[in-house]
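Participant: Below is the structure I would like to discuss, written out as structure tokens.
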Amino acid sequence: MERWHNKLAVVTGASGGIGAACARAMIGAGLRVVGLARREAKLKELQESLPSNLRQNFIPRRCDVSKEEQVQSAFDWIERELEGADVLLNNAGITRETELVTPGNTQKLREVIDTNIMGVIWCTRAAFNNMIRRDVEGHVLIINSIAGQQVLNFIDVLPSFNIYPATKFAITAITETYRQEFQLHKSKVRVTGICPGAVNTNIFPEEIHFYVKDMVRLEPANIADAVLYALRTPPHVQIHEITIKPMGELF
């Protein structure tokens, strides 16, 4: 990790769960981290929880990645004040309890699409173009899901995951498209998709906690380990996708 020492990472959805764990791991490995999230108070709690000598290496900034103008404003600020990101971890993701066939649920479906797909596109576009201008050996990582590899059949077990698998299938295609486009631009930027199974986070809506309380799950720190593994590989190595499941997972 020596080549990443004091480099800048941007982590979306950094206020809790996988994002917070990855921010901690990156700071522990010597990077500086800008944490983006809607819940600014949670970002500041994360900063305060770090060892006192490392708190200055975490920079909290409020940003809702489902809003293009907020994403652009955040990355303009990052470029202006900090030169730009060397690493981008697209982590922000949400689910909503509904079904595709439920009347009047357009807002819920749009929220998931705008966060899970468009947020990745807007953040990556801004970060990549800054990396190109600075001619750096950058790395874009995307937290995907095993739901981007198969539509999980939870009928009679869990409420429908509705649009969520479709957004993750889209991220699977987008990750490969980035690999091709980064190559087309003759860049030194790598892309890695990370596909966890169930993780012990608050991504599940409160309404379905009853269904998942006994499910075997990974811990956010397990995903952070995979992120550091991908970052540690030499610049000529392209770790395109990592799939991680907890022992005993049923799907």
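Position 115 of the sequence shown, counted from 1, bears residue number 115 in the numbering used here, the numbering being contiguous throughout. Using N, Cα and C, we set each Cβ at its ideal position, and we do this for glycine too.
I'd like to know whether the C-beta atoms of residue 168 and residue 148 end up nearer to each other than 7 Å.
Facilitator: Yes, they are a contact pair.
Participant: Hey, out of 228, 74, 243, 56, whose CA is closest to residue 64's CA?
Facilitator: Nearest of 228, 74, 243, 56 to residue 64, Cα basis: 74.
Participant: What does a CB cutoff of less than 6 Å around residue 24 pick up in its chain, not counting 5 residues either side in sequence?
Facilitator: Nothing listed; no residue qualifies.
Participant: Evaluate the contact criterion for the segment 180-197 versus the segment 221-233: three or more CB pairs, one atom per stretch, below 8 Å.
Facilitator: Short answer: they touch.
Participant: How should residue 139 be labelled, buried or exposed, when 16 other C-beta atoms within 10 angstroms of its C-beta is the threshold for buried?
Facilitator: Under this definition residue 139 is a buried residue.
Participant: Determine, using beta carbons only, whether residue 92 comes closer than 7 Å to chain D.
Facilitator: This model lacks chain D altogether, as it is built from one protein chain only.
Participant: Expressed to the nearest angstrom, what Euclidean distance is found between the alpha-carbon atoms of residue 160 and residue 95?
Facilitator: The alpha-carbon atoms of residue 160 and residue 95 are separated by roughly 10 Å.
Participant: Taking the alpha carbon of residue 78 as the reference point, which residue from 100, 144, 41, 128 has its own alpha carbon closest?
Facilitator: Out of 100, 144, 41, 128, 128 has the C-alpha closest to the C-alpha of residue 78.
Participant: Would the segment 83-93 and the segment 5-12 be scored as touching if the rule is three or more Cβ pairs under 8 Å?
Facilitator: Enough Cβ pairs lie closer than 8 Å, so yes.
Participant: Name the residue from 85, 44, 67 whose alpha carbon lies nearest to the alpha carbon of residue 56.
Facilitator: The candidate whose alpha carbon is nearest that of residue 56 is 44.
Participant: Is the distance from the Cβ of residue 61 to the Cβ of residue 34 below 7 Å?
Facilitator: Yes, the pair counts as a contact, with Cβ atoms nearer than the cut-off.
Participant: Going by beta-carbon coordinates alone, are residue 162 and residue 99 separated by less than 7 Å?
Facilitator: Contact flag set, yes.
Participant: Rounded to whole angstroms, what's the CA-CA distance from residue 97 to residue 120? Just pull it up for me.
Facilitator: Going by the C-alpha atoms only, they are around 22 Å apart.
Participant: Do residue 199 and residue 248 have their C-beta atoms closer together than 7 Å?
Facilitator: In this structure, residue 248 does not lie closer than 7 Å to residue 199 by Cβ.
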